[in-house]
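Residue numbers (the working numbering): 1 to 437.
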């Protein structure tokens, strides 16, 4: 369907001969701008205030949100007033997140978001949204970003991002086509994610049931004395974590800075390395040997259990195999020297009993956090050693079946997301054309 030419940009490749290549700054009504760089006082009711976390899966999550006072909004409006049709782009931390304001509401944005307001005589905003979401744009966004403590892209760099542009009618056809196709994909993805959520909830409920009621349905019961647990088998005991395990973490002088991270050294494990309650080293980080040997009590060994105490609270994993020399970062705590079967404790920590304690212990509103002292006071329901082993063995088998199904569904999601990305890339760069152009 027509001749092609080299765009001159590696990540875009060839584009149709009739298409042009323009920088964002030449297709916008106003210079790219961002929100205020100050932290306002949040209020219970006022003007909606969005940051980069308000963009999920290419859409703005309007509710729930933060609110600021009318007075603060009036002041921020002097910089720029976000309006319907504006494209919002993540420019700090989660760079490259893209969404269009599709509601006519009064709102304001924070500095991690940039406003791109297109000249609609040149560019269709939905077409531009799809291009900015494409792999070719995301590569350029990443290349133009700088990294200090987090990734950032400057507004002048956003303005210099290249966009391949067909005529306006063709843009609208592509945007409409991709709306239809991606909507169908998104519906399938939504259903798959819902199924995964249901399976995970079922797994957690099964774990909770077995670690609080046991495997014998006819056993005599007693009140546990814990409101959210109810009755437990009569012979079972209740203890606290500090009586059955040692708790260690990377605190005080054991902490480390960015300079202690190296290209080769000991693994340093954080919350981001816990996936599906297992340690995932597909994207490893390393700490200097000096820092590793400084704290032998937090060197990971087989049988140790790690629990997130900052950020992603509730994440739990067991070191079920040798992973080499590894330690933890300050977001995790280690439970070791256990006086209880390790896999039983692992499952207990995954149960709603423990997760409820974590929620109750977290009193912070900014970064969720629980202390080692709080963890030490968490309750543990303890059957006999023989029952612990039986329960863990039963849950190993049950969870393996559920995990196999979860794995299949997760792979389906990954394939669909790859297909969606490929579809967007091919049409916004003209590799494939919409019929009727």
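Even glycine gets a Cβ: it sits at the ideal position worked out from N, Cα and C.
Bear in mind the structure is a predicted one, so any value in this text is a computation, not a measurement.
For residue i, which of helix, strand or coil comes out of DSSP?
i, result
"residue 49", "strand"
"residue 89", "strand"
"residue 378", "coil"
"residue 361", "helix"
"residue 343", "helix"
"residue 373", "helix"
"residue 59", "strand"
"residue 138", "helix"
"residue 117", "coil"
"residue 452", "Since the first residue shown for the chain is 1 and the last is 437, residue 452 is missing from the structure and cannot be characterised."
"residue 261", "strand"
"residue 229", "coil"
"residue 433", "coil"
"residue 74", "helix"
"residue 328", "strand"
"residue 304", "coil"
"residue 179", "helix"
"residue 186", "helix"
"residue 223", "strand"
"residue 174", "helix"
"residue 210", "helix"
"residue 352", "helix"
"residue 102", "coil"
"residue 251", "coil"
"residue 34", "strand"
"residue 279", "strand"
"residue 389", "helix"
"residue 428", "helix"
"residue 216", "coil"
"residue 54", "helix"
"residue 124", "coil"
Assign residue i to buried or exposed, taking buried as 16 or more other Cβ atoms, counted over all protein chains shown, within 10 Å of its Cβ.
i, result
"residue 273", "buried"
"residue 396", "exposed"
"residue 212", "buried"
"residue 127", "buried"
"residue 108", "buried"
"residue 178", "buried"
"residue 280", "exposed"
"residue 124", "buried"
"residue 384", "exposed"
"residue 210", "buried"
"residue 304", "buried"
"residue 150", "exposed"
"residue 429", "buried"
"residue 388", "buried"
"residue 278", "exposed"
"residue 367", "exposed"
"residue 48", "buried"
"residue 90", "buried"
"residue 228", "exposed"
Run through the DSSP bridge pairs and tell me what residue i is partnered with.
i, result
"residue 336", "246"
"residue 239", "380"
"residue 146", "152"
"residue 162", "23"
"residue 67", "48"
"residue 42", "68"
"residue 368", "DSSP output for residue 368 lists no bridge partner at all."
"residue 14", "6"
"residue 286", "262, 267"
"residue 310", "369"
"residue 316", "307"
"residue 408", "Note: residue 408 sits in no beta bridge, so no partner."
"residue 108", "49"
"residue 28", "118"
"residue 274", "279"
Under the assumption that residue i contacts residue j (Cβ atoms under 8 angstroms), give the Cβ distance between them as a whole number of angstroms.
i, j, result
"residue 25", "residue 162", "In fact, because the Cβ distance is near 11 angstroms, the residues do not count as touching under 8 angstroms."
"residue 205", "residue 425", "In fact, because the Cβ distance is near 41 angstroms, the residues do not count as touching under 8 angstroms."
"residue 101", "residue 83", "7 angstroms"
"residue 309", "residue 369", "7 angstroms"
"residue 226", "residue 339", "Not confirmed; about 20 angstroms, so no contact."
"residue 111", "residue 92", "7 angstroms"
"residue 129", "residue 60", "Wrong, their Cβ atoms sit about 12 angstroms apart, outside the cutoff."
Is the segment 329-342 in contact with the segment 244-253, if contact means three or more CB pairs nearer than 8 angstroms?
Yes, they touch.
Is it true that the segment 173-191 meets the segment 44-56, where meeting means three or more beta-carbon pairs spaced less than 8 angstroms apart?
With the cut-off at 8 angstroms, the segment 173-191 and the segment 44-56 do not touch.
Decide yes or no for the touch test of the segment 195-203 against the segment 214-222: beta carbon pairs closer than 8 angstroms, at least 3 of them.
No, the segment 195-203 does not touch the segment 214-222.
Three CB pairs or more closer than 8 angstroms across the segment 310-321 and the segment 344-354:
The answer is yes - the segment 344-354 touches the segment 310-321, with three or more Cβ pairs under 8 angstroms.
Are three or more beta carbon pairs between the segment 105-117 and the segment 27-37 nearer than 8 angstroms?
Contact holds: three or more Cβ-Cβ distances are below 8 angstroms.
Count Cβ pairs between the segment 162-177 and the segment 8-22 that sit closer than 8 angstroms; are there 3 or more?
Taking a cut-off of 8 angstroms on C-beta distances, the segment 162-177 touches the segment 8-22, as three or more cross pairs fall below it.
Would the segment 232-243 and the segment 388-408 be scored as touching if the rule is three or more Cβ pairs under 8 angstroms?
Result no; under three Cβ-Cβ pairs closer than 8 angstroms.
For the pair the segment 68-77 and the segment 93-100, tell me if three or more CB-CB distances fall below 8 angstroms.
Taking 8 angstroms as the limit for Cβ pairs, the verdict is that the segment 93-100 does not touch the segment 68-77.
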